[in-house]
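Residue numbers (the UniProt record's numbering): 1 to 381.
Below you can see the structure in the form of structure tokens.
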């Protein structure tokens, strides 16, 4: 029987996303004899949980109702009393209030992670949300922001003591995300071929407000209108599902550019899709530390990213990619056209990007840092 300390990870939903991906990577790569893990999803979970390689990790769903669901607080309290974890680790604003039932249940060690902003508060300026974080602050022993931007927010806006903060950037699994070996072969379900003269640009992520894929679509349309000759060789891939997908398809159809685009919805073969791209673009209005940027860099892709959140901590402007203003399709289109016209620049920036990931954003380093935080909490006084 494994008597290792138990960590309960509380997230809003166990679906496809950067936060969830980071959690699964953390659990899958931590030593099995170090900690046991339970995931509590406040709402529900998708088959994304099948990516968990450890058979001893249980996933609970509270099926929380929309809005303030006081019953879910009682559910969590009872579940924590039953599980008796050594550490509770909540993530992002949607779960921070659940530090209260964790404290009431007598859980001694409590951690909170800040992974990025929500569409309702893309720059962290919402006074109500700041107040919620300050109210719960005394219950939290350790904060883990993913970026310097989020760390500054905690110290400046929430007045969290720097001693209670450990910044840990996401790590990327370079055994999964790596540059293509040889010629690019067709993808299942995709009619595109990948000859040398084609330039495939794209992005991966949930298609909802804060990710702002519509700005990328508009930039693609603008680029094609500015230089009609490139339409024959330029392709746009947008992988992911959500309310913006239909809007994006309608925009491309209206401009008669759907033949130049592929929007397949959710896919499980993201690493293979990345290896078909020549340029990765992240058009988000807000970000913490983006998993998809790191995955693209590990694949050897140059990255165009909006100059928000933690993106400048990952993308070295002019060396591993280019930064652009959020919500500005014209500025984004100009950077796309620059890369399309300069194959050597694409290659050099992609090589620098991969080297940067290998040196600074390994999965092993991320796991070691999380383990150090957990170990320090459980260290005998």
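All C-beta atoms, glycine included, are put in the ideal place defined by N, C-alpha and C.
Quantities reported herein were computed from a predicted structural model and do not represent experimental measurements.
Buried versus exposed call for residue 203 [16 or more other C-beta atoms within 10 Å across all chains shown]: buried
Distance, residue 66 Cα to residue 324 Cα: 35 Å
Check whether residue 165 and residue 134 have beta carbons under 8 Å apart: no
Whether residue 97 touches residue 143 by CB criterion (8 Å): no
Three-pair Cβ contact test at 8 Å for the region 251-260 versus the region 186-194: no
C-alpha gap between residue 124 and residue 229, whole angstroms: 42 Å
Cβ of residue 288 within 8 Å of any chain D Cβ: Among the protein chains of the structure shown there is no chain D, as only one such chain exists.
8 Å Cβ cutoff met for residue 19 and residue 91: yes
For residue 167: DSSP bridge partner residues: In the DSSP output, where bridge partners are listed per residue, residue 167 has none listed.
8 Å Cβ shell around residue 207 - same chain, five flanking residues per side excluded: 213, 238, 240, 241, 242, 243, 244, 245, 248
Euclidean distance between Cα positions of residue 233 and residue 366: 39 Å
Which listed residue (314, 173, 281) has its alpha carbon closest to that of residue 362: 173
Proximity of residue 137 and residue 313 at Cβ, strictly below 8 Å: no
Proximal residues to residue 53 (C-beta, below 7 Å), its chain only, five neighbours per side dropped: 28
Where residue 127 falls, given that 16 or more other Cβ within 10 Å makes a residue buried: exposed
Outcome for residue 42 when other beta-carbon atoms lying within 10 angstroms are tallied against a minimum of 16: buried
Between the CA atoms of residue 103 and residue 139 - distance to the nearest angstrom: 7 Å
Distance CB(residue 302)-CB(residue 285) smaller than 8 Å: no
First through last residue of the alpha helix (DSSP H) which encompasses residue 73: 70-83
Opening and closing residue of the beta strand (DSSP E) in which residue 138 lies: Residue 138 -> no beta strand (DSSP E), and no H or E assigned at all.
4 or more residues per run - each alpha helix (DSSP H) lying fully within the region 212-265: 213-226, 243-254
At least 3 beta-carbon pairs within less than 8 Å: the region 314-323 vs the region 345-362: yes
Distance, residue 329 Cα to residue 293 Cα: 19 Å
Same chain, Cβ closer than 7 Å to residue 374, neighbours up to 5 away in sequence not counted: 7, 35, 87
Own chain, CB closer than 7 Å to residue 112, minus 5 neighbours either side, in chain order: 90, 96, 99, 140, 143
For residue 292, three-class secondary structure by DSSP: helix
Residue 41 - containing beta strand (DSSP E), residue span: 36-41
Beta carbon of residue 304 nearer than 8 Å to that of residue 336: yes
Helix, strand or coil at residue 23 according to DSSP, with G and I counted as helix: helix
Strand pairing of residue 305, partner residues [DSSP]: 282, 323
According to DSSP, residues forming a beta bridge with residue 6: 36
Residue 96 in three-state terms, based on DSSP: helix
CB of residue 210 within 8 Å of CB of residue 122, strictly: yes
Candidates 51, 56, 221, of which the one nearest residue 24 by Cα: 51
Presumed contact (8 Å Cβ cut-off) between residue 401 and residue 146, rounded CB distance: Residue 401 is absent from the structure shown; the chain starts at 1 and stops at 381.
Residue(s) in a DSSP beta bridge with residue 360: Per DSSP, none; premise fails for residue 360.
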